[in-house]
Every structure is written in C-alpha cells, then in structure tokens.
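What follows is a single structure, written as structure tokens, with notes after it.
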Amino acid sequence: MPTAPHPQNTDELFQALQENDQLPYGRTRTVTAEELVDAAEQFAEPAPLAYALFELQEAYTYGSEPRRSPVVFARLLNLFDEQPDVFDERMRHMLFWRFKWVANALRALPEVPLSGLRQWLTEMRDRYVKADLDLQPYYGQAYQLAAHLGEDTLLAYELWAGRTRTRLSDCEACEICERALYHLGTGDDERALRTWEPVLAGKDSCQEEPARSVSYALLPLLRTGRTDRARELHLAGYRACRRNPSMAGEVGRHLEFCALTGNEARGLELLAENRNLFAEVESPLDLLDFLTGVEVLLRRVELLGHDSLPAAGYAGRTWTVAGLRAEVRGRADDLAARFDARNGTTAHTDRRNARLDRTPLLETLELTLRTRGLDDAGPAAPVAEPTARTTALPTSLPELILQARTLDQQGHPDGPACWARLRTLVAARDYAHPDDPALGPLVQLRADLLAEEANRAGEKDEFADAADLHEEAAALYDDAGEPGHAALSRACALLATAEIPVQGTDGAEAKTAALTSAHASMVRLHEETPGLAPFQEARLMRLKATALGLRLQTSRSDEHVAPVFAETDVLHAFATRHDLAGQLSGALQLRASTHAISGDLPAAVTETDALLDRLKAHGPAWHLPRTLGLRGRLQLGLRDAQAAHADLTEALRLAADWPADTIDTARLHSDLAEACMHLGHPDEALRHLTRSAERELRRGNRTDAFCTYSNAAQLSLDLGRVEDCIALLDSLLAEPDVTIGELDDRLIAQLRLTRARALHTGEDLKAATAEFVALAAESARWDDDPGSHAMIAAETAVLLGESGEFGRAREAADQALAAHARAPRYDQLSNCLRELARLQAQQQGPDGLADARAFLSDAGRVADEARDAEYDAHGRSLDTALAYEHGRVNAYAGQYDDALVALEKALTLLGDPGSDDDRAGEWAECVRLAGAVEGLYLERPAPALTRLDAAVSRLTALGHTAETEPLISLAARLRDEE
Numbered sequence: 003m004p005t006a007p008h009p010q011n012t013d014e015l016f017q018a019l020q021e022n023d024q025l026p027y028g029r030t031r032t033v034t035a036e037e038l039v040d041a042a043e044q045f046a047e048p049a050p051l052a053y054a055l056f057e058l059q060e061a062y063t064y065g066s067e068p069r070r071s072p073v074v075f076a077r078l079l080n081l082f083d084e085q086p087d088v089f090d091e092r093m094r095h096m097l098f099w100r101f102k103w104v105a106n107a108l109r110a111l112p113e114v115p116l117s118g119l120r121q122w123l124t125e126m127r128d129r130y131v132k133a134d135l136d137l138q139p140y141y142g143q144a145y146q147l148a149a150h151l152g153e154d155t156l157l158a159y160e161l162w163a164g165r166t167r168t169r170l171s172d173c174e175a176c177e178i179c180e181r182a183l184y185h186l187g188t189g190d191d192e193r194a195l196r197t198w199e200p201v202l203a204g205k206d207s208c209q210e211e212p213a214r215s216v217s218y219a220l221l222p223l224l225r226t227g228r229t230d231r232a233r234e235l236h237l238a239g240y241r242a243c244r245r246n247p248s249m250a251g252e253v254g255r256h257l258e259f260c261a262l263t264g265n266e267a268r269g270l271e272l273l274a275e276n277r278n279l280f281a282e283v284e285s286p287l288d289l290l291d292f293l294t295g296v297e298v299l300l301r302r303v304e305l306l307g308h309d310s311l312p313a314a315g316y317a318g319r320t321w322t323v324a325g326l327r328a329e330v331r332g333r334a335d336d337l338a339a340r341f342d343a344r345n346g347t348t349a350h351t352d353r354r355n356a357r358l359d360r361t362p363l364l365e366t367l368e369l370t371l372r373t374r375g376l377d378d379a380g381p382a383a384p385v386a387e388p389t390a391r392t393t394a395l396p397t398s399l400p401e402l403i404l405q406a407r408t409l410d411q412q413g414h415p416d417g418p419a420c421w422a423r424l425r426t427l428v429a430a431r432d433y434a435h436p437d438d439p440a441l442g443p444l445v446q447l448r449a450d451l452l453a454e455e456a457n458r459a460g461e462k463d464e465f466a467d468a469a470d471l472h473e474e475a476a477a478l479y480d481d482a483g484e485p486g487h488a489a490l491s492r493a494c495a496l497l498a499t500a501e502i503p504v505q506g507t508d509g510a511e512a513k514t515a516a517l518t519s520a521h522a523s524m525v526r527l528h529e530e531t532p533g534l535a536p537f538q539e540a541r542l543m544r545l546k547a548t549a550l551g552l553r554l555q556t557s558r559s560d561e562h563v564a565p566v567f568a569e570t571d572v573l574h575a576f577a578t579r580h581d582l583a584g585q586l587s588g589a590l591q592l593r594a595s596t597h598a599i600s601g602d603l604p605a606a607v608t609e610t611d612a613l614l615d616r617l618k619a620h621g622p623a624w625h626l627p628r629t630l631g632l633r634g635r636l637q638l639g640l641r642d643a644q645a646a647h648a649d650l651t652e653a654l655r656l657a658a659d660w661p662a663d664t665i666d667t668a669r670l671h672s673d674l675a676e677a678c679m680h681l682g683h684p685d686e687a688l689r690h691l692t693r694s695a696e697r698e699l700r701r702g703n704r705t706d707a708f709c710t711y712s713n714a715a716q717l718s719l720d721l722g723r724v725e726d727c728i729a730l731l732d733s734l735l736a737e738p739d740v741t742i743g744e745l746d747d748r749l750i751a752q753l754r755l756t757r758a759r760a761l762h763t764g765e766d767l768k769a770a771t772a773e774f775v776a777l778a779a780e781s782a783r784w785d786d787d788p789g790s791h792a793m794i795a796a797e798t799a800v801l802l803g804e805s806g807e808f809g810r811a812r813e814a815a816d817q818a819l820a821a822h823a824r825a826p827r828y829d830q831l832s833n834c835l836r837e838l839a840r841l842q843a844q845q846q847g848p849d850g851l852a853d854a855r856a857f858l859s860d861a862g863r864v865a866d867e868a869r870d871a872e873y874d875a876h877g878r879s880l881d882t883a884l885a886y887e888h889g890r891v892n893a894y895a896g897q898y899d900d901a902l903v904a905l906e907k908a909l910t911l912l913g914d915p916g917s918d919d920d921r922a923g924e925w926a927e928c929v930r931l932a933g934a935v936e937g938l939y940l941e942r943p944a945p946a947l948t949r950l951d952a953a954v955s956r957l958t959a960l961g962h963t964a965e966t967e968p969l970i971s972l973a974a975r976l977r978d979e980e
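Numbering-wise (our numbering), the sequence shown opens with residue 3 and increments by one.
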C-alpha cells in the first residue's frame, strides 16, 4: 500500500524527496524512498532517478539494511558510467563519497567473501585515480578493513593517518573516532581520550557522532577515574542512540556500561526500551555488537542470582534472564564464528570473549536520579526496605499468636511481621489451630488478621476497603465472644467510612458532617460496651479524639478546636492512670497537631518539646522519629529551616532502627527537601525528593511517587541538570502502568511536558517540538482545563516558530488564544505572541513583517484584556513589553524609524530606573537598542551618543555599573565610525 500520493511530475517528485528527507530513518522513510524510485522511473529522465536512488541508498544505510545499499549504489554507478553528464558536481561528490558506504556495508555482511571486500577497495582506488581524486579516503577504508580483520593494523593506520584530509575524507568527528579506537586497541586509554576530546566536548559532530564515540569512551573514562564524565556522557549518549537500528552497537555498549557499574536494573530497563532492535537490526556486524552487550548485562544479572527475572527479548514469547542469555549467546557465537570464518582470523570471537570476561569496574555508580536495584526489577509486589531492629519470631505457634497480640496492644512496629507470618500459616491447607483457651478459637485469630489487614488498607488511604474489612472483623469477633475487640473494629469502620472521599464542591462540608456523625456513633458505642480492657478503652478514646482532629483539619473552624483538646485531655488522663505509654504519646501528639492546625505554632512546638523529653525518658522509642518529624514541620512553618533540617535529619536516622513501614520516611524526605531549598541546598533537596519517591513506590503509592518524581524532575531542570531530568522522566514514562494508561493522564501529561521543556533546554528542538505538538493535541480535549491547553499550545507555537514552521505556529497560537478566551493566561499568551513576532521578523526579515505584526496585534489585544481585568503582570507590564517588541520586530525588518518610535514608547512606559530598581537591566537594554537603531541603521550617531552617554551617567550614579558596559561598548563603536 503506497505511503504517499504518487508524484505526477518531476516537481512533485523532488518535493516528495525533500519531505521524505525530513523523516527519521526507519521503515516508513525507507518504504517511501522505494516508492519514489519506482515513480522516478516513469519519467524517463536520468537526473530525477539518480536523486531518488541517492535517497534510497541513504535510507538503507542509516536504516541498518546493509544488504540493499550496495545494490542501489550499483545502479547509480552504472548510470554514472552510461550518462556521466547527468551528474553535476554535487551528485558526483555524493557518488564518490558513497564508495565508503558500500565498503562499510560489505564488511558488515559475513556472507561477502574477503576477496569481495578487497576487490571493492581496488574498485574504489581505481575509480579515485581515474577521477584524479586524492586517495586518503581509500586508505581510510583499507585501515578499517585491517582493523576489522585484526591484522596488519599498524601499517594500515600509518598509511591512512599520515595523509592529508580531502573533501571526500570522512568527517572530522568520524576520523577522530577511528584514531581514538586505534589507540584504545593498543591499550592507551589516556591517548584515546585525548584524541576523542573534541568530539566528546561537542566541537565536532555528524549523523553518528558524538553518540558513537561516547559509547566507546565510557569504559576508558571509568578506567582512568573520570566517573562523573562517564555518567554525564552515558545519559546524553544513550538518548542519542536508543531504539535506533543503525546504532544497535552503541546501545549494546551502554548496556555493558550499566552492567559494569552496578546498574544492572537500569540495564534491564534500557534493554526493554530497545526490544525492537532484536527484530529490526539487519546488519550482522551491528547485531553482533548489540547481542554481545546484551549478554554482558544478562551474564552479570545471572551472577548476582537473579536469573529468573523477566527480560525483554525476541518477540513471540516471554523470557527470563537465563533463557534470553542462552538464546543470545547462541546467536552471537554463531555470528562471531561466521565473521571469523570469512576473515580467516579469530578477531571477532576474541573481542567478544574479552567483553564477556570483563569484571565490574565500579561496585556502584549512581547513574540517574532514580536508583533501582535488581530487587525492584521483578514483577512482584513492592519490596520492604531492610530493617535494622526486629524482634525474633517465635517458632512455637502459640507463642507467635500471643506475641502478635501483645505487640499489637503496644502498637509495636514488630507486630506486622508476626501477623504476616501467621497469615501464611493460617492460609495453609494443613493448618491446625491450637486447642488452648489462652489463644481463643480460630475465628478470633481470623478476626485479628482481618483487623490488621484493614489497618494496612487505611494506611494506604483505601478507606472503603478498610471499612468493609473492619466490619467483617467485628462480626468474627462477635462470633468469638470478644465484644471489646468487636467494638474497636466497629469504631475503626466508622472512622474509615467518614474518610471516604466525597466528590463535589461541598466535599469538605460533607466530610465534616460525616466525621461529626462518626464521633457521635463512637461515643454511643463506648457507652454501650462495658467491660473494656484498659488498652481497648484507650484505643477507643484515641479513635474519638482522632475523629475530632480530622474534623478540625477538614473544617478549619475555630469552634472545632476546643472539642479536640477536651477529648485528648480525657485520653491523656486515662493513659496516665493506666500507664499506657503509647496512648499517652498519641494524646500529646494530637494536642500538638491541634495547636498547629489552629494556627498556634509556638504552642505546638512547646507541646512537642515536652513530648520528646518524655519519649527519651520513658518511650516508646519508635514514637521518637514521628515526633521529631512533626517538630521539623512545625519549624518549617515558623521559617526556622535550620532547626527543621536538624530535627528531620535526626528523625530519619532514628527511623532506620525500625521496620520500614513504622515511620513515614517518604514524608520525612519530602520535608527535608523543603528545608534544604530554604537553606539554599538544592542538590541535597533533589536527593531527598528522589528518596521520598522511592519510599512511596516501595509502599505501593504510585501516584504519590510519580508526583514527587515530577517535582524532582522540575528541580533538576531548574538546576541545569538537563540529562538527569530527561533520564528520570524516560524511566518513569517507560513504566508498564504508564504505557497502558493506568495512571492519571494529567499527571503523565505533566511528566511529558517537563520532559519536552528539558529537551528544548538541551537544544533537541526536533524532539521537543514533536512532544509539544502531541501534548497540544491531547490537551485540546481537556474541556475541564482550558487554561492548561492555552499554556501548552502557546509553548508549542513558540517551538514551531523556532523551527521556522510559522504556518503551524500560527495555528497553535490560534488554539492558545481560543483556550485563553475561556481561561485567561495573560502572561503566557503575551509572551508567546511577542516571541513569535520576533522569531518571524528575525528569520524572514521584511518578508515576515506583516505576519509578525499580526502576532503583535494579537498581543496588543491580550494586553488590553489584561488591563481591563486589572491583571497585575509578572515583572514589566504587558504594554511595556509589547512596545519593546514592536521596536525589535521593526528593526529586524529594516523599518528603523518605526522601530525607534516604538522603543521611545517603551522607555516612556518603563520610566527612569531607581537605585534599588530591578528594571535597570531592561531599561539599559532598551536604551542600547534605541541607540543602535538611531546611530548605526539611521546613521544619526550624534543623538544616539547623547542618549547613550546620558544613560551611562544615570546608571553609574545609581550604582548599576554592570548595566553600563554594553552601552559604553556601543558608544565607543559609534565614535570609532564617526
């Protein structure tokens, strides 16, 4: 089926060829190129056919189809021999350049005999000599064949490297890579890295570079101790080659790098992202390189004891690490043997074995903000973090039951481990319950397990499930003759039911009413349940106080403060009388929280200080981290970030002594991140944000985790750590529940938006624009959120403008304006329209002036709307910004008189700067541009110098000396030209 309309004439053919040239390499581009060759043949004109064949060969070459590239080139060579006059200078250059492409393609095919490779090099030499071309490119190919064979490389290298480059030589970046690889082959890492430096630094690049050089340089960088540089280049280099069949070898080396730096889990993640390469790589040489890297990774994972983990491999079946490694090993061994048989050497088997025999260069290297281990890579439920202190579980079943209940009464953090063990035992088909009155019947134990499961559901905010489980437990407790436990379960069910979220605008009011009703029901339940044990009665009192505390937190009403204090006072007195340390601590924590919610933070800190003193003296010790965390948050509220940081850090240290679920360490890390930001330590804040997200993931709170990761990604972007940001987001967006749409679509859109902005910051304009266009189309369907669509469409328009696609930019801007009409975004729309006007005038000059002025007219209407709405713009006024942009746009288009008038207006709107005025920089820039327009383009240097000198004097008097430098420089230039 054709992928595009069939060209009806040569003009349409050339247009189609040009459009196809803009597509990424891959099957779509290749199939279209094949169709365009068929179309070109109908015109009976050799030039269009030659161009179509050139395009097809390029598609085959960079689409990793080496078997087809030489066939197409043979047609071109025949056409050149038969009709040389058809080939102009540019076509002739392409023809002789692509002799090297064919040489590379033939080397990649083990079925091509060695004599065929040498015959092709002879053909290339003869053709170059006949055409009076320098032979440096030929010697370059001769060296690459010697390196491929693994013999006579020194002589071949010297014959090539000692010759002067020509117009047909490989690009500078590619030749640097070949020289560096030669030095690497001799074992000289330092010299190889020195040779590579211009490419690794981005000074020289091409279609394949620096991605190819980066992949080879990673291990030498590690071996020479440059770990930070290796990490940086891995992140940037991998992104440049991922999922690209023509760069499968580079992907394989990145997988190897992960395996040798303790990042096996990331390696498996990247392998899954590149699963397409198993089927799409047509080059046997590239496939060998890729499969060897895959095997290095899988072998390392196996050695670490994770051979049963799932791994992404060949389509059509599921794979484990062990199974895929066996498959990959067999295929790669066969490929290496085929190349060695063709070449008459053992070079490829030797090189492959050398890679497989490498041992890790580092025990661990933190490559990304999202640190994951192999334990996190499996499909099982989130794993618990290791714990430093646990109570040994009794081996006797009766003792285990009694210990579980005792720990549960105390609220001890080791209780859940006992219940987990009991749940496994009871679920067994051969379970026999002990006949012991002290343990109660089996139905009581089943009720205990249900109650514990209900508590865990409540901790995850799964309130409906928690309520149902508590009710079910209560019924079983009734059957077991345990009215006190039944009452507690029913009270818990009441509280969980009241916490079920209510949709709608009156959600807070409805929840307040539900909590009031729940408290009243608990009071009746307490009154109607005689004979409660002290720990049961205290727990019921705690539930009543908690209900009132939640009501206050929901309503924020002053009238709800006193009831909380009254209820906590009753609990405090009861717990003191019965020496219930845990409930006493709970009462004091609730008092402190109530002070905080009611706005009395100093009183809350005082309560917390007293509680900490008591906990240190009397315990329970596991309440210390939670209480320190509370005081840390209170200190943040009092803007004492240093004290907050100290408390939260100590809370984290103490939390490490207890099982992972005891303390909400995710919250502690999140609060520490906030403290670090206030203290001006953003890098430390970033670490705490990622740690917080990791804890949320381990607890199964994926939405909270992704929200925190989103904040971490934005912070990393703000810090200029662009590749860190992109790598983190790529990892998150590759998660299975993201790809199948299980997570909130707006949250995922936010992650994609941050990624698109990071790509733009990282100067990957093409990828950033594609993502923004997709997001703009998606957000257009958000009828409930037109403001977000306005923002996204506006940013999309600017990127399209940067790409020179002003027609599409106009369409996106119109979408943004339409959404803005429903939910105004004055700053974003004004910025977008002004920037589009600047870009069009800058790129198109006078030809783009009319369209640029149309953008400015729209920006003027936005400014009028903002003024009518009494909107206070961020920074300078929209009218001032608009006047300045009129000046720039007219200057770019050569309308200098109009430009000067607009800039004079902008200066009037800005007003003269003051000594403490942050507008001094804007004012100075406006003066500079006005001076340039007046003095340089209107050729009126005298008034321009008067303007500039006056501005310099004013700014100097106000102390804004830095802002005077560009004005002084322009004035000097004008005086020199007088």
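Idealized CB from N, CA, C, for every residue including glycine.
Worksheet entry | Cut-off 8 Å between Cβ atoms - residues of its own chain near A317, not counting five sequence neighbours on either side | If we look at A317 and ignore the five residues flanking it on each side, its Cβ neighbours are R277, F280, A281.
Worksheet item: Expressed to the nearest angstrom, what Euclidean distance is found between the alpha-carbon atoms of R593 and L550?
Response: Between R593 and L550, the C-alpha separation is close to 12 Å.
Practice prompt. Determine the DSSP secondary structure at P115, reduced to helix, strand or coil.
Written response: coil
Fill in: T322 - DSSP class collapsed to helix/strand/coil
Of the three classes helix, strand and coil, the one that applies to T322 here is strand, per DSSP.
Fill in: P212 at chain C interface by Cβ criterion, 8 Å
Note that chain C does not occur in the displayed structure, where there is just one protein chain.
Worksheet item: In terms of residues, what are the limits of the alpha helix (DSSP H) holding A645?
Response: 643-657
Worksheet item: When the distance is taken between beta carbons, is V216 closer than 8 Å to G187?
Response: No, the Cβ-Cβ distance between G187 and V216 is not below 8 Å.
Worksheet entry | Coil, strand or helix - A313 by DSSP | It is a strand residue.
Worksheet item: Does the separation of the CB atoms of P68 and E284 fall below 8 Å?
Response: yes
Discussion item. Three or more C-beta pairs under 8 Å: does that hold for the stretch 859-876 against the stretch 819-837?
Written reply: yes
Practice prompt. Using three-state DSSP, classify W784 as helix, strand or coil.
Written response: Here W784 carries a coil assignment [DSSP, helix/strand/coil].
Item to complete: Using a threshold of 8 Å, state whether the C-beta atoms of Q405 and F537 are closer than that.
Response: no
Practice prompt. Assign L246 to one of two classes, buried (16 or more other C-beta atoms within 10 Å of its C-beta) or exposed (fewer than that).
Written response: Sequence inspection shows Asn at residue 246; the Leu mentioned does not correspond to that position. Buried, since its Cβ has 16 or more Cβ neighbours within 10 Å.
Worksheet item: Are there three or more Cβ pairs, one per stretch, closer than 8 Å when the stretch 603-623 is compared with the stretch 394-408?
Response: no
Practice prompt. State the DSSP-derived secondary structure class of I599, mapped to helix, strand or coil.
Written response: helix
Discussion item. Cutting at 7 Å between CB atoms, please list the residues of its own chain near L938, excluding the five before and the five after it.
Written reply: Hits under 7 Å: none found.
Discussion item. Pop quiz: V935 and Y886 are said to be a contact at Cβ under 8 Å. What is the actual Cβ separation, rounded to whole angstroms?
Written reply: V935 to Y886, Cβ: 12 Å. No contact.
Discussion item. The alpha helix (DSSP H) that contains C709, what's its start and end?
Written reply: That run of the alpha helix (DSSP H) goes 704-720.
Fill in: Alpha-carbon to alpha-carbon, L496 and R526
12 Å
Worksheet entry | Rounded separation between A42 and T63 - CA only | So the alpha carbons of these two residues sit roughly 20 Å apart.
Fill in: Counted within 10 angstroms of its Cβ, other Cβ atoms place G417 as buried (16 or more) or exposed
buried
Worksheet item: How far does the alpha helix (DSSP H) with S215 in it reach, from first residue to last?
Response: 213-225
Discussion item. Taking the beta carbon of T596 as the centre, do at least 16 other beta carbons fall within 10 Å, making it buried, or is it exposed?
Written reply: buried
Worksheet entry | Nearest neighbour of A799, chosen from R92, A811, G789, G806 [CA to CA] | A811
Worksheet item: In whole angstroms, what is the alpha-carbon distance linking H647 and R255?
Response: Between the alpha carbons of H647 and R255 lies a distance of about 42 Å.
Worksheet entry | C-alpha distance - E199 paired with L235, whole-angstrom precision | Between the alpha carbons of E199 and L235 lies a distance of about 12 Å.
Practice prompt. Could you name the residues of the same chain whose beta carbon sits closer than 7 Å to that of T197, not counting the 5 residues immediately before and after it, in chain order?
Written response: I178, R181, A182, H185
Worksheet item: Contact between the stretch 325-345 and the stretch 290-305: three or more CB pairs below 8 Å?
Response: yes
Worksheet item: Are the CB atoms of L376 and L306 nearer to each other than 8 Å?
Response: yes
Worksheet item: Is the beta carbon of R129 sitting closer than 8 Å to the one on F101?
Response: yes
Worksheet entry | Which of helix, strand or coil DSSP assigns to K396 | A quick correction: the sequence has Pro, not Lys, at residue 396. Reduced to three states, the DSSP call for P396 is coil.
Worksheet item: Does the pairing of the stretch 79-89 with the stretch 263-275 give three or more beta-carbon distances under 8 Å?
Response: no
Worksheet item: Can you give the beta carbon distance from A500 to A520, rounded, assuming they're within the 8 Å contact cut?
Response: 4 Å
Discussion item. Between A668, H690, D666, T667, which has its C-alpha nearest A677's C-alpha?
Written reply: Each of A668, H690, D666, T667 was checked against the Cα of A677, and the nearest Cα belongs to H690.
Worksheet item: If A430 and H487 are in contact, beta carbons under 8 Å, what's the gap, nearest whole angstrom?
Response: In fact, because the Cβ distance is near 24 Å, the residues do not count as touching under 8 Å.
Worksheet entry | Length of the line joining the Cα atoms of T397 and T608 | 45 Å
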